[in-house]
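What follows is a set of notes on a single structure, which appears directly below.
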Ligand code: PEP
Ligand code: MG
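Residue numbers (my numbering): 895 to 1483.
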């Protein structure tokens, strides 16, 4: 049994699928017959040639959209693709060891990584990252043709059991392609409760555990494993009694979820009738359908960076406009809060430069990056404003730290509107603009911020990591990234009070918004708009329906008196038990 961090609730018994990266298993795959080598080499050559053509297109587009210097990285990638050493070595591996092209590529990459492992210079590190990018690109073309996604029957021989992905880490850029795989659980060695792989598992409503040290060394593809996303446990090769006990829990959990979603058409309100808005956090178009299915009344946070992370090259203004329009049209009540780019930190795209920073989350991230690429930023603002004609649209700016930044952004929006008017391009005149309160400096100066913005959205995931100075992706400090803690609640109360005084609309869109114990306190503190992974909407609706405003206010009052996280957790655990013990399974312990 392994203990990790519970990141997405639920229990699943399944078959392990170990991956090094999303395009392949870690164990070398051999061809069934030696005569297949010729076809396999041809398949590999096609993937190389498609990659080269793709890179040529990207170079042209990035140079047009961002400037020639930004395209340099792809010129380097093209050189690597065209390098005969790579091709010759992969051919040799396929021929001599009868490997699949994908396995041969992986072995080539491992060899390359090993030879650079001890080199400290940044130049070689970056070169390594470039080779890795190129290999991922060629690999992704190989997986477009079978053998592609894992097939449960092939991998395990256990019939119907679903697959559980076991990986060292899942990068945000890879996370989206996981959407197409039939995965029922996720276990990673790295990451924490609000890392992006965790957010992805939650949005798909599948159980997940992160920060499980040593799991990749213990599990092989095909092993039976159990993921308990509430207690943060992973059981490897369990005995039959344990397996059947967990299968029972799994059935109960899914039955409960199926029952809860029946509340999708009911309005969200407390048991004494206070109106609440439950919105969805989405990353792509597919998520809007999930949001509609569970009864969210709008999208409270659309993370646009996923469009950039999954796009072939840089999405231009027209492509962005079309995508945002579709999102708006498919969203419940055509209500969408579109957040401008939040790249950097752990989400990088090569064309904005790959800087190695000692503290990427504290560095060149989010709106700071947009400021440095004004053309890119302006195009995004234009696309959002134009899409604003198709629904009720808000534009949200991430990681605002100072009032100067907010003023600069507001000025940019006004200038962009003037340009659109001058050009005669129609746009949504009533698009509201808002600030994500996720840097403590903005929370502390909230009064000044509120005077110059239409609305705010509290990004508790970042607010917590910056408040407690603990990286949200680092399992070693995960105990500090605890939402149920005195410092967090005090800051949140301060922000909520300021919004109440000024009548400013406020939403909380961090992961806390979908966690029952946090929601009990937040509702009592006056919050009325919660935005969360779609899968949690039915649970939070059921929870709020079983509590009165006065009751929740008492809980909040008490929480604000408590001095430690342990006390707050114990207190809210008891309150949740009283209010709705049935919903306890949706909160981690
Ligand atoms: C947050 O920080 O709480 C948030 C919602 O944004 P993200 O998780 O994308 O950083
Ligand atoms: Mg954030």
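Glycine included, each C-beta is placed from N, C-alpha and C at the ideal position.
Classify residue i as helix, strand or coil using the three-state DSSP reduction.
i: residue 1238; result: strand
i: residue 1022; result: helix
i: residue 1083; result: coil
i: residue 1388; result: helix
i: residue 1406; result: helix
i: residue 1062; result: coil
i: residue 1374; result: coil
i: residue 1481; result: coil
i: residue 1010; result: helix
i: residue 1102; result: strand
i: residue 1284; result: helix
i: residue 1366; result: coil
i: residue 888; result: Nothing can be reported for residue 888, as the shown portion of the chain is limited to 895 through 1483.
i: residue 976; result: coil
i: residue 1335; result: helix
i: residue 1394; result: helix
i: residue 1400; result: strand
i: residue 1484; result: Because the chain here runs from 895 to 1483, residue 1484 falls outside it and cannot be looked at.
i: residue 1476; result: helix
i: residue 1216; result: helix
i: residue 1324; result: coil
CB of residue i to nearest heavy atom of the ligand PEP: below 6 Å?
i: residue 1403; result: yes
With 16 other CB atoms within 10 Å as the buried threshold, where does residue i fall?
i: residue 1315; result: exposed
i: residue 1256; result: exposed
i: residue 1044; result: With a pLDDT of 44 at residue 1044, under the threshold of 50, the modelled position of this residue cannot be trusted; read the value that follows with caution. When all chains shown are included, residue 1044 counts as buried.
i: residue 1427; result: buried
i: residue 1274; result: buried
i: residue 1153; result: exposed
i: residue 1480; result: buried
i: residue 971; result: buried
i: residue 1432; result: buried
i: residue 1458; result: exposed
i: residue 1149; result: exposed
i: residue 998; result: buried
i: residue 994; result: buried
i: residue 1517; result: A question about residue 1517 goes unanswered here, because the residues of the chain that appear run from 895 up to 1483.
i: residue 1098; result: buried
i: residue 887; result: Residue coverage of the chain in this structure runs from 895 to 1483, which leaves residue 887 outside it and unanswerable.
i: residue 913; result: buried
i: residue 1319; result: exposed
i: residue 1312; result: exposed
i: residue 1305; result: exposed
i: residue 980; result: buried
i: residue 1124; result: buried
i: residue 1166; result: exposed
i: residue 1241; result: buried
i: residue 902; result: buried
i: residue 1164; result: buried
On the premise that residue j lies in contact with residue i, defined as a C-beta separation below 8 Å, what is that separation, rounded to the nearest angstrom?
i: residue 1424; j: residue 1402; result: 6 Å
i: residue 1267; j: residue 1109; result: The pair is not a contact, with the Cβ atoms about 38 Å apart (cut-off 8 Å).
i: residue 1486; j: residue 988; result: The chain is shown only over 895 to 1483; residue 1486 falls outside these bounds and no answer can be derived.
i: residue 1191; j: residue 1226; result: 6 Å
i: residue 1406; j: residue 1354; result: 5 Å
i: residue 1364; j: residue 1371; result: 4 Å
i: residue 1117; j: residue 910; result: 5 Å
i: residue 1126; j: residue 1103; result: 5 Å
i: residue 842; j: residue 1130; result: No answer is possible for residue 842: the residues shown for the chain start at 895 and end at 1483.
i: residue 1287; j: residue 1230; result: 6 Å
i: residue 1001; j: residue 1076; result: No, residue 1001 and residue 1076 are not in contact; Cβ-Cβ is about 27 Å, not under 8 Å.
i: residue 1291; j: residue 1234; result: 6 Å
i: residue 1346; j: residue 1301; result: 7 Å
Is the closest heavy atom of the ligand MN to the C-beta of residue i under 6 Å?
i: residue 1458; result: With respect to the ligand MN, the structure shown offers nothing to examine, as its ligands consist of the ligand PEP and the ligand MG.
Can you list every residue whose CB sits closer than 5 Å to some heavy atom of the ligand MG, going in chain order? 1332, 1353, 1356
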